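The block underneath contains the structure these notes are about, expressed in structure tokens.
Residue numbers (my numbering): 8 to 106.
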């Protein structure tokens with residue numbers, strides 16, 4: 008529940024995320040913009056902060072959901088979108104839903 012009600016901790020294996028302490032503008036399917044900060048803690052762990060909690064609660068995210076955060080602007084903009092899905096038994100996933 009911490010990642011839904013607190014900051015979202017990013018796995019170290021995650022690739023292509025902003026270097027750290029940069030603002031990510033996330034635009035949802037309704038055109039609402041949320042600002043996440045890709046924070047780097049003193050111990051090197053990364054997390055999403057700022058509007059993450061509001062986004063997670065507004066979207067009804069639950070513990071265990073998988074997220075895909077992808078770049079959706081031009082190469083000079085830090086604009087992203089988010090999709091959510093749940094892992095099913097056998098490693099198969101439901102259809103990803105754009106949030």
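Using N, Cα and C, we set each Cβ at its ideal position, and we do this for glycine too.
These numbers were taken from a predicted model, which means no experiment stands behind them.
Quick check: the Cα distance between residue 79 and residue 87, rounded to an integer number of angstroms? In the chain shown, counting from the first residue as 1, residue 79 sits at position 72. In the chain shown, counting from the first residue as 1, residue 87 sits at position 80. Going by the C-alpha atoms only, they are around 5 angstroms apart.
Assigned secondary structure, residue 49 (DSSP; H/G/I helix, E/B strand, else coil): Here residue 49 refers to the residue found at position 42 of the chain shown. Coil, per DSSP.
Please return the same chain residues whose Cβ sits closer than 6 angstroms to the Cβ of residue 53, not counting the five positions on each side in sequence. Here residue 53 corresponds to residue number 46 of the chain shown, with the count starting at 1. Only 17 and 47 meet the Cβ criterion.
Count the other C-beta atoms from every protein chain shown that fall within 10 angstroms of the C-beta of residue 77, then say buried if there are 16 or more, exposed otherwise. What you label residue 77 is simply residue 70 of the chain shown in a count that begins at 1. It counts as exposed.
When burial is assigned at 16 or more other CB atoms within 10 Å of the CB, is residue 19 buried or exposed? Residue mapping note: residue 19 aligns to position 12 of the chain shown, counting from 1. Residue 19 should be labelled exposed.
Judging by CA-CA distance, which residue of 67, 38, 22 and 91 is the nearest neighbour of residue 45? Taking the chain shown and counting its residues from 1, the one referred to as residue 45 is at position 38. The shortest C-alpha separation from residue 45 is found at 22.
Boundaries (first-last residue) of the beta strand (DSSP E) holding residue 36: Counting from 1 along the chain shown, the entry for residue 36 is found at position 29. Careful: residue 36 lies outside any beta strand (DSSP E) and carries neither H nor E.
Count the other C-beta atoms from every protein chain shown that fall within 10 angstroms of the C-beta of residue 5, then say buried if there are 16 or more, exposed otherwise. Residue 5 is absent from the model: the chain starts at 8 and stops at 106.
In angstroms, rounded to a whole number, what distance separates the CA positions of residue 59 and residue 90? Position 52 of the chain shown, counting from 1, holds the residue named residue 59. Position 83 of the chain shown, counting from 1, holds the residue named residue 90. Their backbone Cα atoms lie some 14 angstroms apart in a straight line.
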